[in-house]
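Residue numbers (our numbering): 3 to 172. Just so you know, even glycine gets a beta-carbon here, dropped at the ideal spot from N, CA and C. One structure is given here, and the rest of the page talks about it.
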């Protein structure tokens with residue numbers, strides 16, 4: 003599984019971020035807090051993560067300081083909570099110079115892995131990382147996040163495009 007994690011990380015760093023329509027949503031990105039982007043399916047949560055990544059790049063943050071994993075990737079099934087630690091291990095194996103430095107981890111549809119909350123709590127408590135997660139199932143609703151992450155998260159709800167965003171998209 004570690005080889006797969008390394009491959010997914012390398013693939014993300016090699017490909018360009020997609021062109022997108024800017025969403026009128028801000029991510030709080032507070033130190034020590036996990037940003038949880040929640041909402042219905044197909045509302046643009048993944049694309050919003052890419053928007054945040056582009057903003058970080060524009061601020062001069064290196065892409066190698068970022069990690070993106072999409073848990074809808076069939077190669078990750080069936081991933082267990084015990085295996086999640088392999089993601090950060092693989093990342094720091096590829097980029098040992100980043101350990102201790104501020105890094106930005108993006109986990110898309112992480113609720114697909116049962117027990118994911120413990121991994122994220124450990125990461126926030128032990129590493130210098132800013133974490134953003136997305137999810138659309140009932141397991142990632144705002145009140146569920148508050149319970150499972152015990153005050154370590156801030157939820158941002160994503161809605162379909164506003165009228166203004168639709169006009170910008172055209």
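Residue i and residue j: beta carbons closer than 7 Å?
{"i": "residue 96", "j": "residue 11", "result": "yes"}
{"i": "residue 136", "j": "residue 39", "result": "yes"}
{"i": "residue 132", "j": "residue 31", "result": "yes"}
{"i": "residue 102", "j": "residue 7", "result": "no"}
{"i": "residue 52", "j": "residue 19", "result": "yes"}
{"i": "residue 43", "j": "residue 138", "result": "yes"}
{"i": "residue 156", "j": "residue 35", "result": "yes"}
{"i": "residue 154", "j": "residue 126", "result": "yes"}
May I ask which residues mark the beginning and end of the beta strand (DSSP E) holding residue i?
{"i": "residue 160", "result": "No beta strand (DSSP E) holds residue 160; DSSP gives it neither H nor E."}
{"i": "residue 68", "result": "68-72"}
{"i": "residue 108", "result": "105-110"}
How far does the alpha helix (DSSP H) with residue i in it reach, from first residue to last?
{"i": "residue 4", "result": "4-16"}
{"i": "residue 120", "result": "118-128"}
{"i": "residue 26", "result": "Premise fails: residue 26 is in no alpha helix (DSSP H) and is neither H nor E."}
{"i": "residue 59", "result": "47-60"}
{"i": "residue 168", "result": "165-171"}
{"i": "residue 95", "result": "87-96"}
Which partner residues of residue i appear in the DSSP bridge assignment?
{"i": "residue 36", "result": "133, 155"}
Below 6 Å CB to CB, which residues in the same chain sit around residue i once its five sequence neighbours on both sides are set aside?
{"i": "residue 74", "result": "111"}
{"i": "residue 171", "result": "23"}
{"i": "residue 105", "result": "67, 131"}
{"i": "residue 33", "result": "none"}
Compare the C-alpha of residue i against each of the options and name the closest.
{"i": "residue 168", "options": "126, 23, 16, 19", "result": "23"}
{"i": "residue 114", "options": "91, 155, 99, 81", "result": "81"}
{"i": "residue 27", "options": "33, 37, 133", "result": "37"}
{"i": "residue 107", "options": "171, 41, 54", "result": "54"}
{"i": "residue 158", "options": "94, 68, 45", "result": "45"}
{"i": "residue 134", "options": "16, 17, 62, 58", "result": "58"}
Skipping 5 residues on each side, what residues in its chain have a beta carbon closer than 7 Å to that of residue i?
{"i": "residue 83", "result": "115, 116, 117, 118, 120, 121"}
{"i": "residue 161", "result": "41, 45"}
{"i": "residue 48", "result": "110, 136"}
{"i": "residue 77", "result": "6"}
{"i": "residue 92", "result": "4, 7, 8, 11"}
Give me, in chain order, the residues of the same chain whose beta-carbon lies closer than 8 Å to that of residue i; leave out the 5 immediate sequence neighbours on both sides.
{"i": "residue 94", "result": "100, 101"}
{"i": "residue 166", "result": "26"}
Can you confirm whether residue i, when its beta carbon is compared against all beta carbons of chain B, has any partner nearer than 7 Å?
{"i": "residue 3", "result": "Given the protein chain composition of this structure (a single chain), no chain B is represented."}
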